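What follows is one structure encoded as structure tokens, with my remarks underneath.
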Amino acid sequence: MNAAANAPDVIRSAYAQLVVTDLAAARWFWVDMLGFHLQYEAPGILCLRGSDELTHHSLVLRLGDRPALDHLAYRVRTPDDVDRAEKFFTDLGRPVRRVRRGEGTPGVGDAVRVVDPLGFPVEFFYDIDHAERLIQRYDLRHGAEIARLDHFNICTPDIPAAYAHYKSLGFGCSETIEGDEHELYAAWMYRKQTVHDVAFTGGAGPRLHHLGVATHESHQVLRAADLFGSLRKEHHIERGPGRHGVSNAFYLYLRDPDGHRVEIYTSDYYTGDPDHETYRWNVKDDRRRDFWGNAVIESWYKEATPVLGLDGTPQPIADSLLDESAVQVGADGLG
Ligand code: 4SX
Ligand code: FE2
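Numbering (the numbering used here), first residue to last: 3 to 337.
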């Protein structure tokens with residue numbers, strides 16, 4: 003997928019930094035239950051990674067007053083692509099801040115942080131510390147045995163604008179959910195050769211809908227659900243386990259102690275061919291979000307995490323025009 007000539011060459015969704023209000027509770031959820039490995043710890047901050055990840059972190063938990071998304075981060079191909087990102091967003095008239103090693107997130111070198119046209123705080127970096135290979139440290143695996151970060155899912159009121167922005171960054175589109183007149187309700191877009199690095203859920207935004215984290219196998223998704231049940235912590239389970247229509251992945255959505263949503267996700271498919279075609283679902287097809295036709299709970303459509311600007315204050319939230327949860331599924335005989 004060719005990006006605009008001036009766009010940075012994005013490799014993949016790389017990490018997210020969340021603000022949490024209780025680090026011990028967050029550590030229980032993400033490390034003990036999900037099975038993330040603790041890579042780095044300092045007062046007020048934890049850096050975590052999955053067992054297949056060879057870079058310093060894919061999730062950063064920072065202590066703060068109110069739950070929020072601090073920023074999403076994409077890795078780019080070369081140091082020059084960080085400069086390219088700075089120019090790309092400066093030319094769009096967006097807020098941009100250069101962050102040198104030591105000023106930003108532990109383990110990350112020279113980076114640029116922007117507020118993108120959708121209102122999200124996003125970092126682009128090349129340089130990051132490497133970490134010990136844990137791929138065959140089966141002895142260290144526990145909980146849901148998370149292997150890696152897979153994707154970001156963001157709520158935005160204007161899906162066509164989100165699609166156009168990520169298209170201009172060179173992202174391909176694997177799947178969409180569309181109305182009868184091809185109104186876009188949702189889209190899944192990628193740089194790495196999977197179904198997505200980022201997806202858009204129609205709704206008030208900018209807000210973070212969820213982080214998608216991958217396991218190798220579906221039994222690890224089921225085990226996560228069983229672990230929460232056994233500990234009488236079943237209220238952390240929001241949706242699933244189930245099989246998605248979009249992506250075909252096996253899934254489970256959980257809410258962390260601050261309400262941040264995470265999806266445990268496995269077995270989507272390869273999208274790396276240059277002529278890979280977008281698969282389009284009709285919004286009235288009740289298999290689109292759950293292949294077995296199970297209904298999606300209202301909180302999943304409506305609740306999400308607020309996001310911060312570059313100065314750390316919450317970004318204003320705009321309401322959405324289209325509401326997928328209000329669509330009458332099966333009304334035209336589909337599903
Ligand atoms: O609910 S969907 O089946 O549309 C879906 C949601 C597919 C893939 C995802 O990662 C997701 O969060
Ligand atoms: Fe997802």
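Even for Gly, the Cβ is constructed at its ideal location relative to N, Cα and C.
Remember, predicted model here, so these are calculated numbers, not experimental data.
- Distance check between Asp129 and each of Thr57, Phe90, Leu254 and Arg115 places Thr57 closest, using alpha-carbon atoms only.
- Assignment of beta strand (DSSP E) within the stretch 208-258, counting only whole runs of 3 or more residues, yields 209-216, 239-245 and 252-257 in chain order.
- Assignment of Ile148 by DSSP, reduced to helix, strand and coil, places it in the coil class.
- Burial is judged here by how many other beta carbons sit within 10 angstroms of a residue's own beta carbon; Leu213 has at least 16 and is buried.
- A direct Cα-to-Cα measurement between Pro162 and Glu177 gives close to 14 Å.
- With contacts defined as CB atoms closer than 7 Å, Arg143 and Val116 fail to qualify as a contacting pair.
- Rounded to the nearest whole angstrom, the C-alpha separation of Asp11 and Tyr17 is 17 Å.
- Between the stretch 31-38 and the stretch 257-277 there are three or more C-beta pairs closer than 8 Å, enough to call the two in contact.
- Non-local beta-carbon contacts of Thr92 in its own chain, meaning distances under 8 Å to residues more than five positions away in sequence, involve Val98 in chain order.
- Excluding residues up to 5 positions away in sequence, Glu177 lie with their Cβ nearer than 6 Å to the Cβ of Tyr281 in the same chain.
- Between Ile266 and Ala226 a beta carbon distance of about 5 Å is seen, short of the 8 Å cut, so the two are scored as contacting.
- Cβ contact annotation for Glu240 (same chain, cutoff 8 Å, sequence separation greater than five): Tyr255, Leu256, Arg257, Arg263, Ile299, Ser301 and Trp302, in chain order.
- With a threshold of 6 Å, the Cβ atom of Val248 counts as near the ligand 4SX, since some heavy atom of the ligand is closer than that.
- Segment contact: the stretch 131-145 against the stretch 179-187, fewer than three CB-CB distances shorter than 8 Å; contact not assigned.
- The bridge partners DSSP lists for His39 are Arg51.
- If you check the CB distance, Arg103 and Gly111 come in under 7 Å.
- Nearest neighbour of Ala149 by Cα position, chosen from Ser170, Thr268, His246 and Ala251, turns out to be Thr268.
- Look at the stretch 146-212 and you find these whole runs of alpha helix (DSSP H), each 4 residues long or longer: 161-170.
- Within the DSSP bridge table, the entry for Trp283 names Ile179 as partners.
- In terms of side-chain proximity, the C-beta atom of Asn284 is found no nearer than 6 Å to any non-hydrogen atom of the ligand 4SX.
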